[in-house]
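Counted the way full-length UniProt numbering counts, the sequence shown spans residues 1 to 63.
For each residue, glycine too, the CB sits at the ideal point set by N, CA and C.
Quantities reported herein were computed from a predicted structural model and do not represent experimental measurements.
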Amino acid sequence: MLSPYVIQEIKENDSQEQQMLYRNLRYIDSHNPEHVLILSGDHVYKMDYNEMLTYHKQKGAEL
Numbered sequence: 001m002l003s004p005y006v007i008q009e010i011k012e013n014d015s016q017e018q019q020m021l022y023r024n025l026r027y028i029d030s031h032n033p034e035h036v037l038i039l040s041g042d043h044v045y046k047m048d049y050n051e052m053l054t055y056h057k058q059k060g061a062e063l
């Protein structure tokens with residue numbers, strides 16, 4: 001779990017997913033990841049996301 005950052009850019013009409021992304025953007029950026037997978041809380045389960053990423057790369061999907 002990431003602890004949220006408090007920032008001013010969050011707008012009241014942004015979705016909860018957008019708000020959480022904004023709140024954690026600096027934390028994500030500080031780790032300089034090649035890819036970031038954003039999932040809804042009800043979709044987090046035991047799955048090999050590396051397999052999914054590899055499949056999308058092989059198919060030439062935009063990442």
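Beta-carbon proximity check, residue i vs residue j, cutoff 9 Å
i     : j     : result
LEU21 : ILE38 : yes
Local conformation of residue i per DSSP, three classes
i     : result
MET52 : helix
MET47 : coil
LYS59 : coil
LEU39 : coil
ASP14 : coil
ASN24 : helix
Rounded C-alpha distance that separates residue i from residue j
i     : j     : result
ASN24 : GLU51 : 25 Å
ILE28 : TYR55 : 23 Å
GLU34 : LEU53 : 11 Å
ASP48 : ASN13 : 33 Å
ARG26 : LYS59 : 30 Å
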